[in-house]
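Residue numbers (our numbering): 28 to 285. Even glycine gets a Cβ: it sits at the ideal position worked out from N, Cα and C. Data first, discussion second: the structure below is written as structure tokens.
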Ligand code: PEP
């Protein structure tokens, strides 16, 4: 059975001092894990620094973004081969902050997803609805559109062993996680949709939830059978919070799986 994957997304935060101060604590908790695993998405400039710290550990590196070009005259961009070169395993694709602040549309995100997967890294596809879309009961439609933009240009096999993170945009950074029943309903719906195309592919996908998770509100998330990971933003920046969150997840998973 796949381990429960907790991804710490540092976004545009952290520095060398933050890494030096905290990474050994994260390594220490990681050594105690049997049912969970940790991956870290630092800002690009710190990936290689972190890579040196994490070389002999099972903590994986995540990139927060990727360019759609493999090489060439694209000033300021980072390619898939560069990420592979420095030991990155996962790439966050289509985070709502990139969709909103960098005007990334579904088609552009689909290209990044396909490029990442075809080159042997694991895409973490972020999907989810805005507050307005939720009010209009469009959550499922929005999520399916985001998935269909990939299926329009590629076979369903491209989703094999990938990650889909359901992140309601209105919950991110709001301090309030979404309602457990609604998270469950949405994730089940997405899983069923992919299953209706290919059940084996659907079973291979890790479904995560993201949006204002912290150590005090994760307990109920474990009631959701189809969630096998978390995408954590703010709470990953306070090391005590992150470590107790990981400990809680490990305890819950050990109860559920042993
Ligand atoms: C995110 O941005 O992916 C996220 C989950 O952020 P936060 O935990 O801060 O809501």
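Skipping 5 residues on each side, what residues in its chain have a beta carbon closer than 6 Å to that of residue i?
i: residue 279; result: 249
i: residue 121; result: 136, 152 and 153
i: residue 65; result: 33, 57 and 86
i: residue 192; result: 151, 153, 235, 237 and 258
i: residue 138; result: 95
Quick check on the burial criterion: 16 or more other C-beta atoms within 10 angstroms. Buried or exposed for residue i?
i: residue 108; result: exposed
i: residue 55; result: exposed
i: residue 36; result: buried
i: residue 166; result: buried
i: residue 127; result: exposed
i: residue 130; result: exposed
i: residue 147; result: exposed
i: residue 53; result: buried
i: residue 99; result: exposed
i: residue 182; result: exposed
i: residue 31; result: buried
i: residue 209; result: exposed
i: residue 226; result: exposed
i: residue 124; result: buried
i: residue 213; result: buried
i: residue 72; result: exposed
Opposite residue i in the DSSP bridges: which residues?
i: residue 258; result: 34 and 237
i: residue 63; result: 31
i: residue 89; result: 117
i: residue 149; result: 117
i: residue 68; result: 36
Less than 7 Å between C-beta atoms, sequence neighbours within five positions excluded: which residues of the same chain meet that for residue i?
i: residue 81; result: 88
i: residue 261; result: 200
i: residue 60; result: 277
i: residue 292; result: Shown here, the chain extends from 28 to 285; a query on residue 292 therefore has no answer.
i: residue 187; result: 228 and 231
i: residue 211; result: 251
i: residue 101; result: 94
i: residue 355; result: With the chain running from 28 to 285 in the structure shown, residue 355 is simply not present.
Residues in the same chain with beta-carbon distance under 8 Å from residue i, minus the five sequence neighbours each way, listed in chain order, please.
i: residue 28; result: 284
i: residue 203; result: 239
Got a sec: does ligand 2 put a non-hydrogen atom nearer than 8 Å to the Cβ of residue i?
i: residue 124; result: Among the ligands modelled here, namely ligand 1, ligand 2 does not occur.
**Prompt:** Can we say the region 144-153 touches the region 163-171, given the rule of at least three CB pairs closer than 8 Å?
**Reply:** Verdict: no, contact absent.
_Does the contact criterion of 3 or more C-beta pairs under 8 Å hold for the region 109-121 versus the region 155-168?_
No, they do not touch.
Quiz prompt | beta strand (DSSP E) segments (min. 3 residues) lying fully within the region 151-201 | solution = For the region 151-201, whole beta strand (DSSP E) runs of length 3 or above, ordered along the chain, are 190-193.
Using 8 Å as the cut-off, can you tell me whether the region 225-239 makes contact with the region 194-214, which would need three or more C-beta pairs spanning the two stretches below that distance? Taking a contact to require three or more Cβ pairs closer than 8 Å, the region 225-239 and the region 194-214 qualify as touching.
Spell out a yes or no on whether the region 201-221 and the region 250-257 are touching, meaning 3 or more CB-CB pairs, one atom from each, closer than 8 Å. The region 201-221, when compared against the region 250-257, does touch it at the 8 Å Cβ threshold.
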